[in-house]
Amino acid sequence: MALTYKKVMETDFGKLTTAAKAWDDMAGEFKKAESAYSAAVRGVKVDSGWHGIAAGRAHVNFAGTQYEYGAAQTQAKAIASLLRDAHGQFTELKRALETVVADARKDKMKVDADGNVQPDLTDSERRAYIHDPDGQKALGDYARAARSWADQIQKYVTAFEDADSGVKLALEKAVKDSNKDLLTGKDDTANGFNAGAKGDIEQYELEYAKDVTTRLNKGEPVSDAEVQGLGRILRDNNNEAFKHRTEFGQTYLASVGAEGTLKLTNRLSDLAHFDDKDSKKSYLDVQKNLANTMAAATHVPDMRRDGKVLAVGTREYAEEFAKWRKTSDADFYNSWLADIKKNGTEEFDSKVTNLHRSSGMDQKAMGYQSLVTLMQQGSDKYSAPFLHDLADSVRAAEDPARGGNKDIWDLSHSFDSGKKTGPGWFANDPLDGLLGVMSKNPDAATAYFDPEAYSYSQKDGENKVDKFGSERLEYLQTKRDWDVVDEYRTTQKDGVSVYRGDIEDGDNRVGFGAALEAAATGNVPGTPAPENFTKHTQAQTRVLESLITSYAEIAKIDQSAMPANIRVNMANALAYYPEDVHQILVDQVNYAGGDSTEPNGVDVSTEDMRKFIRAASEDGGAFRMIHDSQMGLITEQISSLDRQDLTQKPTGNNDHAMGVVVDAGKIMGTLDEVRADALTDERDRQTSENNWNKTYKYHLYGAPVTGLPIFGDSIQRSIDILTGKQAEELNNAVADKTKEELIKHYNEQGYPRLRELINEHADTHMITKEEKTSTGGRLGTLRTAAGNSYSSGLGLTQSSAGEQ
């Protein structure tokens, strides 16, 4: 019967220590018996009159029995120690589980005796939420939070099952005679007590893990139960509740070595995807837990100075990290990186590379390709310095400027998950794959790309702390060889594969784009935006600035030069800075000259921002992300206007309402001009790979557009006016129109969205029809100014939309 939360909470683990004392007492009794036996039986002397063969054999048997008394003491003490070890593990896990439950209750959750979780709301609170439009979202948030807490509780129940299995394994091994002295003659009982019994659960689990690993690497038969046991051991001993998790991971990996680890992950991939698909889940589970074990083993502790935790990327952090690298605590970290570097450029047998090939030659996997494939299966717990050091090592292997070989990762096949290509789970481009892993640790990504960040490095045996500046970004943008596929074509005449040249894989730069998005936003791509998503650190802002200025410079030569697979990431990044982008586009100021935007102080020029948006807008989905982010902000600003703003002109020069609608018109016009330019360029190129209309959708869940905290459900109808059917219809007017004709069309058909939004908001304030339709009234003046501003954004000198 499966373990339950209720059983865990009701079990008295103190009985384990009581049982452990009984086993210690048992060892004491065996000691007394051994002493008595030694005196009464083994004490019989040969010169007492007993001689001959029988006497000789008897004394041999006496020695064997004496040995078993000693072995019995060892076994009893080991069992006592194992029971205490079990008590310690269960206590640690229960303490962690109690903390999770307490945190859930602080988060307004009820946790019952069976571990079920539900929102802790009174009947009146629940009724209020049900009858409030905004409350519907709140109830949904509570329900999602409840499921999340329930999952965390269940995770610890599973951890108890894992730990319990480890205790069972250790006890079974401890009571089985190891016969360690059988060959020496000291032990003459093949199935006696275990003189080699150990009192540490992890030692038995480590021996088991090493045995299964060795047999897997040798290609020997391993049962599914043994594979599951290996996965359980790696998962169990990597539980965050256990203090020994780092030590266990380091001991296991050190015993297997980098070469053995790479062989193991390749073997697991072979079995999961090719040889034994029925047990695929078991193999992938081991692979995931192996990756997580490596993350724990290479964990870098917080760097501190004067009691303060230092941020990755600061000079102080880099200096303290350099000191740490010289301590004994960093011995495994240093040796593991060196071992990985040694094996990273070696070839390893792998079915995924050998079966997916276009040439007739055998293909092996490079060590770094296998390593990153493994890391992609793990969690997001890799330390930032480990990711940085590993990325530098991978680059050193490929960068000719650093003595590397630019074609080192080239394989004669694609690996981009396409129907006609290879499996995308294999990291044929290890640097791009590693950047994808880095995107799950946004702080690491920010420090990697921040032009002002400090990094630790070793050169000529000396530790150095210095800035990389924009060098890493520049390398990946313009200097790196991204063509990792050797293209072969089979000739029709004789069927021979002929090399045609190097090309990019279909998923090129996917990891790069994800890492850039994470670096600029502080959020993992594809996950929901946090509540305070519009506020960023100086480092994140510097990354965004460097992206805008560098890609704007590239776009001056070719507007389509921003790589296709990063365009949505770049759009997502801008959507995290809605107010800053809005201000830069409206003010037409070179903020790089010293002025600063709110709230993040983005220092770039309006020209560069526009070029950056245009470059990203080669992808329709990327354009929509930027467009709808700005439309949400416009909706929020217009919705903040009160009745007086809409009906009376204020005295003085500060006309807030006028500023809001003029800015809104300018932004909408500017973006529609970008839309016209992108659509006509896309049509003229007659490309089919990235049809703009078909990609006019959101690519990634979690990008900050609809459902944002700052917008709210109450104004969703207004957002829909600017982002819905009318906006999408502007994409369909491109046929047979020049850009100039399209802009003229937009001036007539694009502005009505803004006019409708203003009128919709006027309705919420019960403004009369006469007031709304009066051309000389306040609303008419606001709409006229908005229309003229929209035309200006389109690049026209005056509105032809008129006041409607």
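Add 472 to the 1-based position in the sequence shown for our numbering, that's all there is to it. Glycine included, C-beta positions come from ideal geometry on N, C-alpha and C.
Report task. Out of Asp757, Asn1125, Lys645, point me to the one whose CA is closest to Asp672's CA. Result -> As a first step, residue 672 must be located in the sequence shown, where it is residue number 200. For the residues Asp757, Asn1125, Lys645, the minimum Cα distance to Asp672 belongs to Lys645.
Query raised in the report: When we look at the beta-carbon of Asn709 and count the other beta-carbons within 10 Å, is it buried (16 or more) or exposed?
Result: Counting from one through the sequence shown, the residue named residue 709 turns up at place 237. By the neighbour-count rule (16 or more Cβ atoms within 10 Å), Asn709 is buried.
Query raised in the report: Expressed to the nearest angstrom, what Euclidean distance is found between the alpha-carbon atoms of Ser851 and Thr718?
Result: Along the sequence shown, read from residue 1 onward, the residue named residue 851 stands at position 379. Along the sequence shown, read from residue 1 onward, the residue named residue 718 stands at position 246. The straight-line gap from Cα to Cα measures roughly 15 Å.
Query - Proximity winner among Thr825, Val1146, Asp659, Arg952, relative to Leu1057 (alpha-carbon distances) - result: Stepping through the sequence shown from its first residue, residue 1057 is reached at position 585. Ranking Thr825, Val1146, Asp659, Arg952 by Cα distance to Leu1057 puts Val1146 first.
Query raised in the report: Ordered along the chain, which non-local residues of its own chain (more than five positions away) have a Cβ less than 8 Å from that of Asp1127?
Result: Position 655 of the sequence shown, counted from the start, is the residue given in the question as residue 1127. Here the set comprises Lys1121.
Query raised in the report: Does Thr476 have its Cβ less than 8 Å from a Cβ in chain C?
Result: Checking the listed chains, one finds no chain C in this structure; it contains a single protein chain.
Report task. Let me know if Glu570 comes out buried or exposed under the rule of 16 or more other beta-carbons within 10 Å of its beta-carbon. Result -> Counted from its first residue, the sequence shown places residue 570 at position 98. With fewer than 16 other Cβ atoms within 10 Å, it is exposed.
Query raised in the report: Thinking C-alpha only, which one of Arg797, Ala917, Gly732, Ser929 is nearest Pro997?
Result: Taking the first residue of the sequence shown as position 1, residue 997 is located at position 525. Comparing Cα positions, the closest option is Ala917.
Query raised in the report: Phe746: buried (16+ other C-beta within 10 angstroms of its C-beta) or exposed?
Result: For the purposes of this step, residue 746 is identified with residue 274 of the sequence shown, where counting begins at 1. It is exposed - the Cβ of Phe746 has fewer than 16 other Cβ atoms within 10 Å.
**Report entry** Option nearest Ser1103 by Cα separation, candidates Pro923, Val1061, Gln1198
**Finding:** The count along the sequence shown starts at 1 and reaches residue 1103 at position 631. Note that residue 1103 is Met in the sequence shown here, rather than Ser. It is Gln1198 whose Cα lies nearest to the Cα of Met1103.
Query raised in the report: Expressed to the nearest angstrom, what Euclidean distance is found between the alpha-carbon atoms of Ser1112 and Gln841?
Result: Sequence index remark: in the sequence shown, residue 1112 carries index 640 (1-based). Sequence index remark: in the sequence shown, residue 841 carries index 369 (1-based). Straight-line Cα distance between these residues: approximately 53 Å.
Query - Three-state secondary structure (DSSP) of Tyr971 - result: Counting from one through the sequence shown, the residue named residue 971 turns up at place 499. In the structure shown, Tyr971 sits in a strand (DSSP, three-state: E or B).
**Report entry** Extent of the continuous alpha helix (DSSP H) to which Glu989 belongs
**Finding:** Stepping through the sequence shown from its first residue, residue 989 is reached at position 517. Where Glu989 is concerned, the enclosing alpha helix (DSSP H) stretches over 982-993.
Requested in this report: Tell me where the alpha helix (DSSP H) around Asn1231 begins and ends.
Outcome: On the sequence shown, position 759 is the one that residue 1231 refers to. Start and end: 1224-1236.
Report task. Please name the residue or residues paired with Leu883 in a DSSP beta bridge. Result -> Position 411 of the sequence shown, counting from 1, holds the residue named residue 883. Leu883 is bridged to Val957.
Query raised in the report: When you compare only the Cα positions, how much space is there between Glu959 and Ala669?
Result: For the purposes of this step, residue 959 is taken as the residue at position 487 of the sequence shown. For the purposes of this step, residue 669 is taken as the residue at position 197 of the sequence shown. Looking at the two C-alpha atoms, the distance is approximately 59 Å.
Query raised in the report: How close, in whole Å, do the beta carbons of Val1133 and Ala1257 come, if the pair is a contact with beta carbons under 8 Å?
Result: As a first step, residue 1133 is located in the sequence shown; it is residue number 661 there, counting from the start. As a first step, residue 1257 is located in the sequence shown; it is residue number 785 there, counting from the start. Rounded, the Cβ-Cβ distance is 6 Å, consistent with contact.
Report task. Give the range of the beta strand (DSSP E) segment to which Val1040 is assigned. Result -> Numbered from 1 along the sequence shown, position 568 holds the residue referred to as residue 1040. Premise fails: Val1040 lies in the alpha helix (DSSP H), 1039-1047, not in any beta strand (DSSP E).
Query raised in the report: So what does Phe1296 bridge to, in DSSP terms?
Result: For residue 1296 there is no data in the structure shown, the boundaries of the chain being 473 and 1276.
Requested in this report: Reducing DSSP to helix, strand and coil, say where Gln1031 ends up.
Outcome: On the sequence shown, position 559 is the one that residue 1031 refers to. Residue state, collapsed to three classes: coil.
**Report entry** Same chain only: Cβ atoms within 7 Å of Val784, ignoring 5 sequence neighbours per side
**Finding:** As a first step, residue 784 must be located in the sequence shown, where it is residue number 312. Correct list, in chain order: Ala856, Asp915, Ala916, Ala919.
Query raised in the report: To which residues does DSSP link Lys936 through a beta bridge?
Result: The residue labelled residue 936 in the question sits at position 464 within the sequence shown. Answer is Ser929.
Requested in this report: Quick one: residues in its chain with C-beta nearer than 6 Å to the C-beta of Gln1012, no 5 flanking neighbours on either side, listed in chain order?
Outcome: Working through the sequence shown from its first residue, we reach residue 1012 at position 540. Contacts found: Thr918, Ala992, Gly994.
Query raised in the report: Between Thr685 and Gly732, is the Cβ-Cβ spacing less than 8 Å?
Result: As a working note, residue 685 is residue 213 in the sequence shown. As a working note, residue 732 is residue 260 in the sequence shown. Yes. Within cutoff.
Requested in this report: Consult DSSP for Val772 and reduce its assignment to one of helix, strand or coil.
Outcome: Reading the sequence shown from its first residue, position 300 is the one you call residue 772. If DSSP states are grouped into helix, strand and coil, Val772 belongs with coil.
Query raised in the report: What did DSSP end up calling Ser807 once you bin it into helix, strand or coil?
Result: For the purposes of this step, residue 807 is taken as residue 335 along the sequence shown, with counting starting at 1. Helix at Ser807.
Query - Opposing strand residues paired with Asn711 [DSSP bridges] - result: For this step, residue 711 is matched to residue 239 along the sequence shown. Answer is none; Asn711 lacks a bridge partner.
Query - Opening and closing residue of the alpha helix (DSSP H) in which Val784 lies - result: For the purposes of this step, residue 784 is taken as the residue at position 312 of the sequence shown. Val784 -> no alpha helix (DSSP H), and no H or E assigned at all.
Query raised in the report: Which of helix, strand or coil does DSSP assign to Met651?
Result: By one-based count along the sequence shown, residue 651 stands at place 179. Reading off the sequence, residue 651 comes out as Asn, not Met. Coil at Asn651, not helix or strand.
Requested in this report: Measuring alpha carbon to alpha carbon, tell me which of Ile551, Asp974, Asn815 ends up nearest Ser886.
Outcome: Here residue 886 is taken as the residue at index 414 of the sequence shown, counted from 1. The option with the nearest alpha carbon to Ser886 is Asp974.
Query - Strand pairing of Ser1077, partner residues [DSSP] - result: Taking the first residue of the sequence shown as 1, we reach residue 1077 at position 605. Beta-bridge pairing links Ser1077 to Asn1062.
Query - Near the ligand FMN: Lys1028 beta-carbon under 7 Å from a heavy atom - result: What this structure holds is no ligand at all, so the ligand FMN is not there to describe.
**Report entry** Counterpart residues of Gln590 in DSSP-defined beta bridges
**Finding:** Your numbering for residue 590 matches position 118 in the sequence shown. Looking at the DSSP assignment, Gln590 forms a beta bridge with Lys582.
Report task. Pick out the complete alpha helix (DSSP H) segments inside the region 1093-1179, 4 residues or longer, and give them in chain order. Result -> 1115-1119, 1128-1157
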